[in-house]
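**Student:** My questions all concern the structure below.
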Amino acid sequence: MSSKKNNFLQDAEKMSEFVRLAGLNQTQLSDQMNEKLEQFGMEPVVSQRLASRTLCGERELDLPFGLAAANVLNTYLVNFIKKDILGLGNLETRLLHFDNEGDLNEYMDDLQAKGRIVVLSTFPSIGLITRTEKLFESPNVDTWEYYPFDSILNFAFSPFSPYSRQERVDICNKVAKLAEKKGNGFHFFLWPYNKFNMADFELSKNKRVICIALSIPGFEGFLEISSPLIYDKLEAAFVHETTKSECSTNDESRDFLYRLQAVIKKNHSSISDSVAELYDSCSKTSKLREMLDKVVHTK
716 MSSKKNNFLQ DAEKMSEFVR LAGLNQTQLS DQMNEKLEQF GMEPVVSQRL ASRTLCGERE
776 LDLPFGLAAA NVLNTYLVNF IKKDILGLGN LETRLLHFDN EGDLNEYMDD LQAKGRIVVL
836 STFPSIGLIT RTEKLFESPN VDTWEYYPFD SILNFAFSPF SPYSRQERVD ICNKVAKLAE
896 KKGNGFHFFL WPYNKFNMAD FELSKNKRVI CIALSIPGFE GFLEISSPLI YDKLEAAFVH
956 ETTKSECSTN DESRDFLYRL QAVIKKNHSS ISDSVAELYD SCSKTSKLRE MLDKVVHTK
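Throughout, my numbering is defined as the position within the sequence shown, counted from one, plus 715.
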């Protein structure tokens, strides 16, 4: 039995974690799965014992069980499969389009129910401008936003910025104050210029998917990618390894935004004067001062 158990498709620990996060016991899970099976004309064959054996890794995951469990737990079947086995298959992708704002908001609320991790090429995010109360001031939603360091400099000093000087001052102050709230995180990182342009994407902790917003002539929507391997790699790179990389902590970002706000207020006659003052205001050991060195070559 032990050799067969080791060859089972499912990652029993990961399945159990989805059940725990959903707040269900095994009886509730089996009851809700049977309801889903009946909805699609299938026999309600999931007993509490069968659910227990599958979650404990004593019984191999079958397709009806996996599909019903994924539906109840608001995720995808692929998220139950062991990583080494997933390497044999293709990614699961969906192209999503919403005909009205209500459906879009429902999708976004579901996507962000357990927190949002967003990596963006341009500062500030649309969420900071249009959905501040829901995304950053709700006690139920943790938010982490990551930006290339040059995006905050372009926002502050570019002559082509769509924001007035006062709007830039207000946005810096707003984001710095949001960074003081528990559950929010803002980070700036260095992006290698010799690579492709960076794509904006969001990691959904609720559904463990990668979501990429698409805006092209004639179509606006989302590309949703379900791949535990890619999700775990991206989450590790941006969330778990920030202290090891050229990426600011939330506290460093907050402090930098307050300093940036002060420089913008002074309205220097040249960009170089503004950047020089910003550089001098940062501690010599500051990670963001090091980033300034690399991005604008300030000496």
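The beta carbon of each residue, even a glycine, is placed where N, CA and C say it ideally should be.
Since the structure is predicted, the reported quantities are computational estimates derived from the model, not experimental observations.
Helix, strand or coil for Gln725, going by three-state DSSP, please let me know.
**Tutor:** Strand, per DSSP.
**Student:** With respect to the alpha helix (DSSP H) encompassing Ser996, which residues constitute its N-terminal and C-terminal limits?
**Tutor:** That run of the alpha helix (DSSP H) goes 986 to 996.
**Student:** Answer with buried or exposed for Phe755, where buried requires no fewer than 16 other C-beta atoms within 10 angstroms of its C-beta.
**Tutor:** With fewer than 16 other Cβ atoms within 10 Å, it is exposed.
**Student:** Which ranges would you report for the beta strand (DSSP E) in the stretch 832 to 904 if only whole runs of at least 3 residues count?
**Tutor:** With a minimum length of 3 residues, the continuous beta strand (DSSP E) runs that stay inside the stretch 832 to 904 are 858 to 863, 899 to 904.
**Student:** What did DSSP end up calling Phe733 once you bin it into helix, strand or coil?
**Tutor:** Phe733 falls in the helix class under three-state DSSP.
**Student:** Hey, out of Met748, Lys889, Ala828, whose CA is closest to Ser853's CA?
**Tutor:** Measuring from the Cα of Ser853, the nearest candidate turns out to be Ala828.
**Student:** So what does DSSP say about Thr964, is it helix, strand or coil?
**Tutor:** Looking at Thr964 - three-state DSSP - the assignment turns out to be coil, as it is neither helix nor strand.
**Student:** Can you tell me whether Gln881 is buried or exposed? The criterion is at least 16 other CB atoms within 10 Å of its CB, across all chains shown.
**Tutor:** Answer is exposed; the Cβ neighbour count stays below 16.
**Student:** Have a look at Ala914, Lys920, Arg764, Lys922 and flag the residue whose alpha-carbon is nearest the alpha-carbon of Ala928.
**Tutor:** The shortest Cα separation from Ala928 among Ala914, Lys920, Arg764, Lys922 belongs to Ala914.
**Student:** By Cβ distance, which residues of its chain are closer than 6 Å to Leu893, with the 5 residues on each side in sequence left out?
**Tutor:** Closer than 6 Å at Cβ, skipping near neighbours: Phe851, Asn899.
**Student:** Rounded to a whole number of angstroms, what is the C-alpha to C-alpha distance between Gln741 and Lys922?
**Tutor:** Whole-angstrom Cα-Cα distance: 20 Å.
**Student:** Skipping 5 residues on each side, what residues in its chain have a beta carbon closer than 8 Å to that of Lys889?
**Tutor:** Counting only Cβ-Cβ distances below 8 Å, and skipping sequence neighbours, we find Leu843, Thr847.
**Student:** Which of helix, strand or coil does DSSP assign to Phe916?
**Tutor:** Three-state result, Phe916: strand.
**Student:** Per DSSP, Ala928 forms a beta bridge with which residues?
**Tutor:** Beta-bridge pairing links Ala928 to Phe937.
**Student:** Mind reading off the beta-carbon distance from Phe795 to Met748? Whole number of angstroms is fine, and I expect it under 8 Å.
**Tutor:** The Cβ separation is near 13 Å, so there is no contact.
**Student:** With DSSP as the reference, label Asn909 as helix, strand or coil.
**Tutor:** Summary for Asn909: the model assigns pLDDT 44, below 50, so the residue's position carries little reliability, and this model does not support an answer.
**Student:** Can you check whether the CB of Ile832 is closer than 8 Å to the CB of Glu950?
**Tutor:** Contact flag set, yes.
**Student:** If you draw a straight line from the C-alpha of Cys997 to the C-alpha of Leu744, how long is it?
**Tutor:** Looking at the two C-alpha atoms, the distance is approximately 54 Å.
**Student:** Span of the alpha helix (DSSP H) holding Leu770?
**Tutor:** Per DSSP, Leu770 belongs to the alpha helix (DSSP H) from 763 to 770.
**Student:** Between which residues of its own chain and Asn965 is the CB-CB distance below 7 Å, once the five residues before and five after are set aside?
**Tutor:** Excluding sequence neighbours, Asn965 sits near Ala894, Gly900, Phe901, His902.
**Student:** Do Ser989 and Phe870 have their beta-carbon atoms positioned less than 8 Å apart in this structure?
**Tutor:** For Phe870 and Ser989, no; Cβs fall outside 8 Å.
**Student:** For Glu807, which beta-bridge partners are listed by DSSP?
**Tutor:** For Glu807, which the question treats as bridged, DSSP gives the partners Ser941.
**Student:** On the DSSP letters alone, give me the boundaries of the alpha helix (DSSP H) that Met823 sits inside.
**Tutor:** Residues 816 to 826.
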